[in-house]
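Student:
Number of protein chains: 2
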Amino acid sequence: MPRSPTDSTPATVTPPAVDLELAASQDRFIALWGEMASRWGVPRTVAETHALLFVHSEPLDVESIMQRLRISRGNASMTLRTLVEWGIISRQMQRGERREFFRAEQDVWRLFATVARARKRREIDPLLEGLVGCRVASTGRGREGTQRSTHNDRMDELLSAVRLLDGVSERFTAADGRGLRTAAVALAKLVGFIVPAQKRAERSGIRGGGT
Amino acid sequence: MPRSPTDSTPATVTPPAVDLELAASQDRFIALWGEMASRWGVPRTVAETHALLFVHSEPLDVESIMQRLRISRGNASMTLRTLVEWGIISRQMQRGERREFFRAEQDVWRLFATVARARKRREIDPLLEGLVGCRVASTGRGREGTQRSTHNDRMDELLSAVRLLDGVSERFTAADGRGLRTAAVALAKLVGFIVPAQKRAERSGIRGGGT
DNA sequence: TTGAATTTTCAATATTTTCTGAAAGCTTAG
DNA sequence: CTAAGCTTTCAGAAAATATTGAAAATTCAA
Numbered sequence: 016m017p018r019s020p021t022d023s024t025p026a027t028v029t030p031p032a033v034d035l036e037l038a039a040s041q042d043r044f045i046a047l048w049g050e051m052a053s054r055w056g057v058p059r060t061v062a063e064t065h066a067l068l069f070v071h072s073e074p075l076d077v078e079s080i081m082q083r084l085r086i087s088r089g090n091a092s093m094t095l096r097t098l099v100e101w102g103i104i105s106r107q108m109q110r111g112e113r114r115e116f117f118r119a120e121q122d123v124w125r126l127f128a129t130v131a132r133a134r135k136r137r138e139i140d141p142l143l144e145g146l147v148g149c150r151v152a153s154t155g156r157g158r159e160g161t162q163r164s165t166h167n168d169r170m171d172e173l174l175s176a177v178r179l180l181d182g183v184s185e186r187f188t189a190a191d192g193r194g195l196r197t198a199a200v201a202l203a204k205l206v207g208f209i210v211p212a213q214k215r216a217e218r219s220g221i222r223g224g225g226t
Numbered sequence: 016m017p018r019s020p021t022d023s024t025p026a027t028v029t030p031p032a033v034d035l036e037l038a039a040s041q042d043r044f045i046a047l048w049g050e051m052a053s054r055w056g057v058p059r060t061v062a063e064t065h066a067l068l069f070v071h072s073e074p075l076d077v078e079s080i081m082q083r084l085r086i087s088r089g090n091a092s093m094t095l096r097t098l099v100e101w102g103i104i105s106r107q108m109q110r111g112e113r114r115e116f117f118r119a120e121q122d123v124w125r126l127f128a129t130v131a132r133a134r135k136r137r138e139i140d141p142l143l144e145g146l147v148g149c150r151v152a153s154t155g156r157g158r159e160g161t162q163r164s165t166h167n168d169r170m171d172e173l174l175s176a177v178r179l180l181d182g183v184s185e186r187f188t189a190a191d192g193r194g195l196r197t198a199a200v201a202l203a204k205l206v207g208f209i210v211p212a213q214k215r216a217e218r219s220g221i222r223g224g225g226t
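Top line first, the protein sequences correspond to chains A and B. In terms of my numbering, the numbers along the first sequence are unbroken and rise by one, the last being 226. In terms of my numbering, the numbers along the second sequence are unbroken and rise by one, the last being 226.
1. So what does DSSP say about Ile80 of chain A, is it helix, strand or coil?
2. Could you confirm whether any beta carbon from chain B is found closer than 8 Å to the beta carbon of Thr97 of chain A?
3. Could one say the Cβ of Thr226 of chain B lies closer than 8 Å to chain A's Cβ atoms, at least one of them?
4. If distances are taken between C-alpha atoms only, which option among A:Ala91, A:Ser153, A:Leu146, A:Leu179 comes closest to Leu35 of chain B?
5. Quick one: does Leu35 of chain B have its CB under 8 Å from some CB of chain A?
6. Per the contact definition of three or more C-beta pairs closer than 8 Å, is the stretch 45-58 of chain B in contact with the stretch 163-180 of chain A?
7. Can you pull the DSSP bridge partners for Glu115 of chain A?
8. Which residues in chain A sit within 8 Å of Gln107 of chain B, going by Cβ to Cβ distance?
9. Could you name the residues of chain B that Leu173 of chain A contacts, counting a contact when the two beta carbons are closer than 8 Å?
10. Among the candidates A:Ser72, A:Asp168, A:Gly89, A:Glu185, whose CA atom is the shortest distance from the CA of Leu122 of chain A?
11. Can you confirm whether the stretch 136-152 of chain A touches the stretch 84-99 of chain B when touching is taken to mean that 3 or more C-beta pairs between the two stretches lie within less than 8 Å?
12. Where Arg114 of chain B and Trp101 of chain A are concerned, what is the direct C-alpha to C-alpha distance, given to the nearest angstrom?
13. Output the distance between the C-alpha atoms of Glu120 of chain A and His65 of chain A, rounded to the nearest integer angstrom.
14. Chain B beta carbons: is any one of them nearer than 8 Å to that of Phe44 of chain A?
15. Would a check of beta-carbon distances place Thr64 of chain A closer than 8 Å to chain B?
16. Name the chain B residues that come within less than 7 Å of Gly145 of chain A, Cβ to Cβ?
17. Check each candidate in B:Val130, B:Leu84, B:Pro74 and name the one with the smallest Cα separation from Met108 of chain B.
18. Between Val151 of chain B and Leu37 of chain A, how many whole angstroms is the CB-CB distance? I'm expecting something under 8 Å.
19. Compare the C-alpha of Arg85 of chain B against each of B:Ser105, B:Thr165, B:Thr60 and name the closest.
20. Starting from His65 of chain B, trace the alpha helix (DSSP H) in both directions and tell me its first and last residue.
21. Regarding Arg136 of chain B and the ligand ADP, is the C-beta to nearest heavy atom distance less than 7 Å?
22. Near Asp76 of chain A, which residues of its chain fall below 8 Å by C-beta distance, leaving aside the five closest residues on each side in sequence?
23. Relative to chain A, which residues along the stretch 147-165 of chain B have a C-beta separation below 7 Å, given in chain order?
24. Do you know offhand how far Met93 of chain B's Cα is from Ser87 of chain B's?
25. Would you report the Cα separation of Asn167 of chain B and Gln82 of chain A, rounded to the nearest angstrom?
26. Just to confirm my understanding: we take Thr129 of chain B, look at its own chain, exclude 5 residues before and 5 after, and list those with CB closer than 8 Å. What are they?
27. Per DSSP, what kind of secondary structure is Gly223 of chain A in: helix, strand or coil?
28. Can you check whether the C-beta of Phe127 of chain B is within less than 8 Å of a C-beta belonging to chain A?
29. Would Ala39 of chain A be called buried (16 or more neighbouring beta carbons within 10 Å of its own) or exposed?
30. Just the Cα atoms here: how many angstroms apart are Val70 of chain A and Val33 of chain A?
31. Should Arg132 of chain B go down as buried or exposed, given a rule of 16 or more other Cβ atoms within 10 Å for buried?
32. Within 10 angstroms of its Cβ, does Glu63 of chain A collect 16 or more other Cβ (buried), or is it exposed?
33. Mind checking if Met51 of chain A is an interface residue toward chain B, Cβ cutoff 8 Å exclusive?
34. Kindly list the residues whose CB is nearer than 8 Å to the CB of Arg156 of chain B, restricted to its own chain and excluding five residues on each side of it in sequence; keep chain order.
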């Protein structure tokens, strides 16, 4: 590997002539994706790594990722493993090459479907399991029985609502991601909502983060 | 106000005879909800507070909440404020009473719709805004132009996918929560997935994150 | 098998987020 | 106006999470 020990330029990814503007755009996206991720409870570097692989169509090796994102080897390793587990990036080893390369799922809808499925597993399934255990034995007697029934009714209502959403999502995020897109489009039509090509800022001062 | 100054009993919520089994069930639910919340990136105590108010049909005052959940006054205050901002609990002051009482939205679908809307605002809207800024000026020239186009295409694809989902969710989570339920049911039908009126344990060993 | 090129693991460290508690701020009765 | 009763604020403590870095493990060519 022809890299001098004095080498300190971070541009491992691209040999000499880099398109700086393009790189800057990519960096903006990486930052944005990382930023969003923290709101979704996903570690920043995990999202950044994914973003890098997503915008960089050719597969990258660990070294390049480390350098472009300025993260440690250990972090890169764990992060990549996580992403592979989630199924949104894949390892690619090639004969003649010792190191592994990684590439991201490029299809947006498949990406979404995969993420949705992962979240469902982590966030919905345990809820469904747990809810049944939150009921209380009904005694059937007077006022105590009534209170208990009310409680159970509440739990049941919650349970069936979650089940409904769960069932739907299960069908729509199946494997190829087609379902998700279909669902979105179907729904859009259903309400007569046509997706505009151009975005319109209907409301500007939305939020209320207070202070 | 008939409370002696020596009064120190913590049982503000329930006078003497409490249904311990019921309380235990409620606690299980509170714990479960709190547990789930941490996976969704919501502070545990925020979720627990909401859970308590959700299972406890009558309004509760801050003191009761603090004691039942064993949290500090400050935490309770901030937490309640958050929940009120999210729109899933409401303050209720009453003449003759100095303290405030809180009660949770009891309708599950409205609850979901509200939460969905809040998340959309925090997690989707900033993404939409940010994405446009991630494009790169197309030069239109040779290979550099091609790379740039590819990048922009990717961003556009992402953008329109997010917009589609966003638009749909916007319509379906509007205010009353009816939309969400409607959507879920509609989708369920669309794929031939019939929601049973009575819960049926189709799969028992639901399985899970199987290693 | 050896050893050079990688990747993985994990204890230690850094960072971020959440919670506490005490003091300051309101509001209303008197 | 003053005081009692409640609520909010916020700096710092505590807890939870994320990241590093270097040693150990793995892999493969020779």
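Glycine included, C-beta positions come from ideal geometry on N, C-alpha and C. These numbers come from a predicted model, not from an experiment.
Tutor: Well, looking at it:
1. Against the first sequence, residue 80 of chain A aligns to sequence position 65. Here Ile80 of chain A sits in helix by DSSP.
2. Stepping through the first sequence from its first residue, residue 97 of chain A is reached at position 82. It does not: the Cβ of Thr97 of chain A has no partner Cβ on chain B nearer than 8 Å.
3. As a first step, residue 226 of chain B must be located in the second sequence, where it is residue number 211. Residue confidence for Thr226 of chain B is low, a pLDDT of 24 falling below 50, so the modelled location carries little weight; the figure read from the coordinates is stated next. Not an interface residue.
4. Within the second sequence, numbered from 1, the residue matching residue 35 of chain B stands at position 20. Here the closest residue by C-alpha is A:Ser153.
5. In the second sequence, the residue the question calls residue 35 of chain B occupies position 20. No - not a single Cβ of chain A is within 8 Å of the one on Leu35 of chain B.
6. no
7. Mapped onto the first sequence, residue 115 of chain A falls at position 100. Under DSSP, Glu115 of chain A forms a beta bridge with A:Met108.
8. Counting from one through the second sequence, the residue named residue 107 of chain B turns up at place 92. In chain order: nothing, as chain A lies at least about 19 Å away.
9. The residue you call residue 173 of chain A lines up with position 158 of the first sequence. Within 8 Å Cβ-Cβ: Val123.
10. Looking up residue 122 of chain A in the first sequence gives position 107. The amino acid occupying residue 122 of chain A in the given sequence is Asp; Leu does not appear at that position. The shortest C-alpha separation from Asp122 of chain A is found at A:Ser72.
11. no
12. Looking up residue 114 of chain B in the second sequence gives position 99. Looking up residue 101 of chain A in the first sequence gives position 86. When rounded, the distance between both Cα atoms is 48 Å.
13. As a working note, residue 120 of chain A is residue 105 in the first sequence. As a working note, residue 65 of chain A is residue 50 in the first sequence. Going by the C-alpha atoms only, they are around 9 Å apart.
14. By 1-based counting over the first sequence, the position of residue 44 of chain A is 29. Judged by the 8 Å Cβ criterion, Phe44 of chain A is in contact with chain B.
15. Indexing the first sequence from 1 puts residue 64 of chain A at position 49. Chain B contact via Cβ: absent.
16. For the purposes of this step, residue 145 of chain A is identified with residue 130 of the first sequence, where counting begins at 1. Within 7 Å Cβ-Cβ: Leu47.
17. Within the second sequence, residue 108 of chain B is the residue found at index 93, counting from 1. Cα-wise, what sits closest to Met108 of chain B is B:Pro74.
18. Mapped onto the second sequence, residue 151 of chain B falls at position 136. Mapped onto the first sequence, residue 37 of chain A falls at position 22. Right, the Cβ-Cβ distance comes to about 5 Å (below 8 Å), so this counts as a contact.
19. Here residue 85 of chain B refers to the residue found at position 70 of the second sequence. Arg85 of chain B has its Cα closest to that of B:Thr60, out of B:Ser105, B:Thr165, B:Thr60.
20. Here residue 65 of chain B refers to the residue found at position 50 when the second sequence is read from its first residue. Per DSSP, His65 of chain B belongs to the alpha helix (DSSP H) from 59-70.
21. With respect to the ligand ADP, the structure shown offers nothing to examine, as it has no ligands at all.
22. As a working note, residue 76 of chain A is residue 61 in the first sequence. Closer than 8 Å at the Cβ level, and outside the excluded window around Asp76 of chain A, lie Arg114, Glu115, Phe116, Phe117.
23. Gly148, Cys149, Arg150, Val151, Ala152, Glu159, Gln162, Arg163, Thr165
24. Residue 93 of chain B sits at position 78 when you count from the first residue of the second sequence. Residue 87 of chain B sits at position 72 when you count from the first residue of the second sequence. Distance between the alpha carbons of Met93 of chain B and Ser87 of chain B is about 10 Å.
25. Position 152 of the second sequence, counted from the first residue, corresponds to residue 167 of chain B. Position 67 of the first sequence, counted from the first residue, corresponds to residue 82 of chain A. Rounded to the nearest angstrom, the two C-alpha atoms are 24 Å apart.
26. For this step, residue 129 of chain B is matched to residue 114 along the second sequence. For Thr129 of chain B, where only same-chain residues beyond five positions count, the Cβ hits under 8 Å are Trp101, Gly102, Ile103, Glu120, Thr188, Gly192.
27. Here residue 223 of chain A corresponds to residue number 208 of the first sequence, with the count starting at 1. For Gly223 of chain A, the predicted structure reports a pLDDT of 31, less than 50, and the residue's modelled location is therefore unreliable. The matter cannot be settled from this model.
28. Along the second sequence, read from residue 1 onward, the residue named residue 127 of chain B stands at position 112. Yes, because at least one Cβ of chain A sits closer than 8 Å to the Cβ of Phe127 of chain B.
29. Residue numbering aside, residue 39 of chain A sits at position 24 when the first sequence is read from its first letter. When all chains shown are included, Ala39 of chain A counts as exposed.
30. Against the first sequence, residue 70 of chain A aligns to sequence position 55. Against the first sequence, residue 33 of chain A aligns to sequence position 18. Roughly 15 Å separates the two Cα atoms.
31. Along the second sequence, one-based indexing puts residue 132 of chain B at 117. It counts as buried.
32. In the first sequence, counting from the first residue as 1, residue 63 of chain A sits at position 48. Classification of Glu63 of chain A: buried, given that the 10 Å Cβ count is 16 or more.
33. In the first sequence, counting from the first residue as 1, residue 51 of chain A sits at position 36. Closer than 8 Å to some Cβ of chain B, the Cβ of Met51 of chain A qualifies, so yes.
34. Reading the second sequence from its first residue, position 141 is the one you call residue 156 of chain B. If we look at Arg156 of chain B and ignore the five residues flanking it on each side, it has no Cβ neighbours.
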